[in-house]
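Okay, so the sequence shown: first residue is 130 according to this note's numbering, each after it adds one.
A quick write-up on the structure given underneath.
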Amino acid sequence: MSKKLLSEYFELCPEGRCPVDVLTESERKKAMNDGAVYLVGICQKAGTKNGNGRVYRKETLERELQNYQKAIGERRSLGELDHPDDSVINLRNASHLVTKMWWQGDNVMGKIEVLDTPSGRILKDLVKAGVKLGISSR
Numbered sequence: 130m131s132k133k134l135l136s137e138y139f140e141l142c143p144e145g146r147c148p149v150d151v152l153t154e155s156e157r158k159k160a161m162n163d164g165a166v167y168l169v170g171i172c173q174k175a176g177t178k179n180g181n182g183r184v185y186r187k188e189t190l191e192r193e194l195q196n197y198q199k200a201i202g203e204r205r206s207l208g209e210l211d212h213p214d215d216s217v218i219n220l221r222n223a224s225h226l227v228t229k230m231w232w233q234g235d236n237v238m239g240k241i242e243v244l245d246t247p248s249g250r251i252l253k254d255l256v257k258a259g260v261k262l263g264i265s266s267r
């Protein structure tokens, strides 16, 4: 059986403005003092046909979000720049860390911290250049 990579795209920080109210006090300080970059946006939608033609029930996404919370809490929820063909995260390409996920209506929201890695620095430069970025769940 061949694997099919699932993908979906949602723009992070629509209009280029990320809501500051989702940052903790320590994240705000890190952003102001150290130039840390955080991005916030929709990661998945329940009950809506996605780019793969699938509709995920809210119950399914609730279960998967609950399972993913452990990885977030253990700081293992890494992501890569671009959209690799493989579902396994290649650590040398890590660009960001998912630090929080929550429900907002039928949307799964996420907050990511851009890492100080080669791929993370590219991501940070793209953000500073005003490039519209999105997140793709897989």
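Ideal Cβ placement from N, Cα and C applies to all residues, glycine included.
Would a C-beta distance cut-off of 7 Å place residue i and residue j closer than the cut-off?
i           : j           : result
residue 225 : residue 237 : no
residue 166 : residue 260 : no
Mark residue i as exposed unless 16 or more other C-beta atoms lie within 10 angstroms of its C-beta, in which case mark it buried.
i           : result
residue 209 : buried
residue 233 : exposed
residue 227 : buried
residue 164 : exposed
residue 220 : exposed
residue 133 : Confidence in residue 133 is poor, its pLDDT being 46 and thus under 50, which makes the residue's placement too unreliable to answer from.
residue 173 : buried
residue 217 : exposed
residue 155 : exposed
Can you name, in chain order, every residue of its own chain whose Cβ lies under 6 Å from the Cβ of residue i, other than the five neighbours on each side?
i           : result
residue 249 : 224 and 243
residue 253 : 166 and 243
What residue range does the beta strand (DSSP E) around residue i cover?
i           : result
residue 167 : 167–174
residue 239 : 236–243
residue 208 : 207–209
residue 227 : 223–233
Once you ignore the five residues that flank residue i on each side, which residues in its own chain have a CB closer than 8 Å to its CB?
i           : result
residue 198 : 230
residue 187 : 175, 176 and 235
Measure the alpha-carbon distance for residue i versus residue j and round it to whole angstroms.
i           : j           : result
residue 258 : residue 264 : 17 Å
residue 182 : residue 176 : 12 Å
residue 214 : residue 201 : 23 Å
residue 251 : residue 245 : 9 Å
residue 159 : residue 153 : 10 Å
Alpha helix (DSSP H) containing residue i: first to last residue?
i           : result
residue 199 : 187–202
Closer than 7 Å by C-beta to residue i: which residues in its own chain qualify, once you throw out the five before and the five after it? Chain order, please.
i           : result
residue 240 : 151, 167, 169, 228 and 229
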